[in-house]
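Numbering of the sequence shown is given in UniProt numbering, commencing with residue 1 and proceeding in unit increments. Remarks on the structure that follows.
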Amino acid sequence: MNECLWCHQKLPLRLTWDWLFSLKPLPQNYICASCLKMFEKTGDKVCPGCGRKQDNMNLCLDCSKWQHDHHLLHNKALFVYQQAAMKEYIEQYKFMGNYQLRRLFQKQIQAAITPYLKKAFTVVVIPVDQETFETRGFNQVCGWLEGIEYQSYFEMKKKYGRQKQSTKTRCQRLATKNPFKYTGPETLKEKKILLVDDIYTTGRTLYYAQEILEEKGADFVTSLTLAR
Ligand SMILES: [Zn+2]
Ligand SMILES: [Zn+2]
1 MNECLWCHQK LPLRLTWDWL FSLKPLPQNY ICASCLKMFE KTGDKVCPGC GRKQDNMNLC
61 LDCSKWQHDH HLLHNKALFV YQQAAMKEYI EQYKFMGNYQ LRRLFQKQIQ AAITPYLKKA
121 FTVVVIPVDQ ETFETRGFNQ VCGWLEGIEY QSYFEMKKKY GRQKQSTKTR CQRLATKNPF
181 KYTGPETLKE KKILLVDDIY TTGRTLYYAQ EILEEKGADF VTSLTLAR
């Protein structure tokens, strides 16, 4: 019997007839139903651009700005970030490095990715910087993706652009400010990409990744985050 990784209570084993007659391994759960309820889902009414929970389906102000010079990412977010349980989770998993906690949301994230995989999307993870990786020892996004196929097309540049932004052309700005170094295949022609990250905050990170992927010829770039 295993326990809930969040409250450490024993988890009841729920066996279904379907499972008994399937040949699948024992279903594993890592979060109990009452803990899962503490994490607020984004629900049905969200901004179609970034996945922010709101009370209508209109494009939010931030996304209307992104729309000026980017294709909208149409980010899908599973949970609300500005909320105690999720903030605590991110703190313990990402910043304190409790690797066990990757399991808490593996099921939810992988279930959300499945429809994209069926439509032949390539799953690409957003990297962490070298220093964080060295102190923590893992990429929090890869922790959730255990067991499914994903690509790491980016590395975080060691240091980037300290020159005043206003003195550069837009092209220079994009090239120097972008924190990512592309390490993927030469061309992404006709590829559909699903970027996966932990939190959508301003969208800046994901749009930087999108800029590079589109430059490499990707047909379509969208994203999925645990929280928004
Ligand atoms: Zn629990
Ligand atoms: Zn939005």
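Glycine included, every Cβ here is placed at the ideal spot set by N, Cα and C.
It is roughly 11 Å from the alpha-carbon of residue 28 to the alpha-carbon of residue 106. Secondary structure of residue 189 (DSSP, three-state): coil. Shortest Cα-Cα distance from residue 207 to any of 61, 222, 81, 155 involves 222. Residue 155 and residue 178 have their C-alpha atoms spaced approximately 11 Å apart. Under the three-state reduction of DSSP, residue 33 is assigned to helix. If you ignore the 5 residues before and after residue 152, its C-beta comes within less than 7 Å of the C-beta of 125, 127, all in its own chain and listed in chain order. In chain order, 139 place their CB closer than 7 Å to the CB of residue 133, counting only its own chain and leaving out the 5 sequence neighbours on each side.
With the rule of 3 Cβ pairs closer than 8 Å, the segment 38–54 counts as touching the segment 85–105.
Here residue 122 is not near residue 199, since their CB atoms are 8 Å or more apart. Take residue 219, set aside five residues on each side of it, and the residues of its chain with a beta-carbon closer than 7 Å to its own are 190, 191, 192, in chain order. Between the alpha carbons of residue 66 and residue 213 lies a gap of roughly 17 Å. Distance between residue 197 and residue 6, taken at the CA atoms: about 22 Å.
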